[in-house]
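Chemist:
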């Protein structure tokens, strides 16, 4: 199953983005998932990615669209977040050091901890793509 959502670069659309993701997940995976754990994990990764696009990639450009793509292959989920900003040079990223009380830079770390795989591609057909992948475990009944 595949789904796409085109949204403005505006944090006011965050609830719509979250509802779209969770709605697709529930339709596809039904009651076979520990939703309290998995929805929090996936929501947080998506919120971090979407808000980074709005605040950093599309800064001062709220009319630029954001394209979200969701694809399921059985229990594997791939979520792509496409933006039209200048892009982020990953060679300049250094993980935050807890001793430095750094204000930014935690998003990449958070997404990598929450997801099984995180990839970022600069300028693919005029856009940047952040791809988040995870395998959703089946609910284990005790």
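Numbering (full-length UniProt numbering), first residue to last: 1 to 142.
Note that CB positions come from ideal geometry on N, CA and C, so glycine has one too.
(1) Give the single residue among 121, 8, 79 whose Cα lies nearest to the Cα of residue 136.
(2) Classify residue 10: buried if its beta carbon has 16 or more other beta carbons within 10 angstroms, exposed otherwise.
(3) Pick from 77, 37, 53: whose alpha carbon is nearest that of residue 203?
(4) Can you tell me which of the three DSSP states residue 140 falls into?
(5) Since residue 87 and residue 48 are thought to touch, with beta carbons under 8 Å apart, how far apart are those beta carbons, to the nearest angstrom?
(6) Does the segment 69–84 come into contact with the segment 121–138, if we say contact requires no fewer than three beta-carbon pairs (one atom in each stretch) closer than 8 Å?
(7) In this structure, how does DSSP classify residue 80 when only helix, strand and coil are distinguished?
Modeler: Looking at the atomic coordinates:
(1) 79
(2) exposed
(3) What is shown of the chain runs 1 to 142, which leaves residue 203 out entirely.
(4) coil
(5) About 17 Å; that fails the 8 Å criterion.
(6) yes
(7) strand
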